[in-house]
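Quick notes on the structure that follows.
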Amino acid sequence: MVLASFAAGVLWSLGSILADWPPSRLAAILNGVDQSIPSSAYWGIVWGRVPAMAGVLAMRLKTGTKPPSRRPRAFWLGLVAACAALLVISVPLTDEAARAARAPGAAPAPSPSVPPVVYGSPNISPGQQEAGPGWCRGEQVTVTVGEPDAATGHRGLGLGLVNSGDTPCILESYPDIAFNNSEGWAMDVLLVHGGSFMTTDHGAKRLTLAPGASAQASLGWNAMAAAGETRVGTVLVPPYAGTLGTACQSTWTSSTAGPLPSVPGGTDESLPDPQSEADTSGRGGP
């Protein structure tokens, strides 16, 4: 029993060493050795088994008897011992494999985040307006947006339009204005044609712009506290609904108690139109 226990401990330690092979350093090769092996070898074998075997051998030599032949039995005992040794060695290896299987593997690489699809206001408004002959199309003009003007609880914004084409064109409609916020999303803003506290609507009039001539219009709205409100990023200004709108960058805050009123504007260098009144001080604006 002493030898069997010692052999089992040695084989178990050997399996532990193989399970952790290769060691991180040479001194770590003995980390898998069972701590009970040295004491069992010292007390069980040196002080127990060796003296007992020496005593048995001395008695046989004194009496002249020979041990019985155990060759067939020794073969089977050796075979059983070899199987037991393989079994004991395999236990630490199996435990190590099971721990490795249960250990969490490397976290999978995170999938790349897909930016959301931003839906802004279309460059050409879905509403279609029947254009008159010679009207200024979106690709014929250049539009600019000024800085908002402020009064107590009210705001005003000037818009400028220049005929950048080679031929005269006609303005005879309120522009069809749309807004995107600072992140590019379309804003739901109701636009009405009329005056406001800071603007006056004289009505839309027929104006003919020579190449390089300009016209103005205005936006007016009621303003409240702007904290937490959506900021306007882009203003789209087509001369009329159904034509290309010029995208103008802006940074003002859309803080309104109601719709944005639009008012007409005047022209700087417009050509008089024979069909319009002599006074060409106003046209449709946002």
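Each residue of the sequence shown is one higher than the one before, counting from 735 in the working numbering. Virtual Cβ for every residue (Gly too), placed ideally from N, Cα, C.
(request) Helix, strand or coil for Gln874, going by three-state DSSP, please let me know. (result) helix
(request) Rounded to whole angstroms, what's the CA-CA distance from Gly880 to Trp955? Just pull it up for me. (result) 15 Å
(message) Whole angstroms are fine: how far does the CA of Leu953 sit from the CA of Asn915?
(response) 17 Å
(request) Would you kindly report the start and end of the unbroken beta strand (DSSP E) that includes Ala885? (result) Asp883 to Ala885
(message) I need the straight-line Cα distance from Thr901 to Met932, nearest angstrom please.
(response) 34 Å
(request) For Trp919, I'd like the list of residues in its chain whose CB is within less than 8 Å of its CB, leaving aside the five on either flank, ordered along the chain. (result) Val852, Tyr853 and Gly854
(request) Give me the Cα-Cα distance between Leu904 and Gly868, rounded to the nearest whole angstrom. (result) For the sequence presented, residue 904 should be read as Ile rather than Leu. Looking at the two C-alpha atoms, the distance is approximately 6 Å.
(message) Taking 8 Å as the threshold (C-beta atoms), are Val969 and Pro984 in contact?
(response) The sequence shown places Ser at residue 984, rather than the Pro named in the question. In this structure, Val969 lies closer than 8 Å to Ser984 by Cβ.
(request) Note the first and the last residue of the continuous beta strand (DSSP E) segment covering Ser952. (result) Ser948 to Asn956
(request) Check Thr942 in the structure and name its three-state DSSP category. (result) strand
(request) Kindly list the residues whose CB is nearer than 6 Å to the CB of Arg871, restricted to its own chain and excluding five residues on each side of it in sequence; keep chain order. (result) Thr977
(request) Report all residues from its chain with a CB closer than 6 Å to the CB of Pro856; omit the five preceding and five following residues, and keep chain order. (result) none
(message) Here's the rule: buried if 16 or more other CB atoms are within 10 angstroms of the residue's CB, otherwise exposed. What is Val848?
(response) exposed
(message) Can you tell me whether Thr797 is helix, strand or coil according to DSSP?
(response) helix
(request) Flag Ile858 as yes when its Cβ comes closer than 7 Å to any non-hydrogen atom of the ligand SAH, and as no otherwise. (result) No copy of the ligand SAH appears in this structure; indeed no ligand is present at all.
(message) Just to confirm my understanding: we take Asp883, look at its own chain, exclude 5 residues before and 5 after, and list those with CB closer than 8 Å. What are they?
(response) Arg889, Gly890, Leu891, Gly892 and Met932
(request) Look up Thr980 in the DSSP assignment and say whether it is helix, strand or coil. (result) strand
(message) For Gly890, report the span of its beta strand (DSSP E) as first-last.
(response) His888 to Asn897
(request) Put Pro972 into one of helix, strand or coil per three-state DSSP. (result) coil
(message) Could you check whether Gln862 and Ala975 sit closer than 8 Å to each other, using their CB atoms as the reference points?
(response) yes
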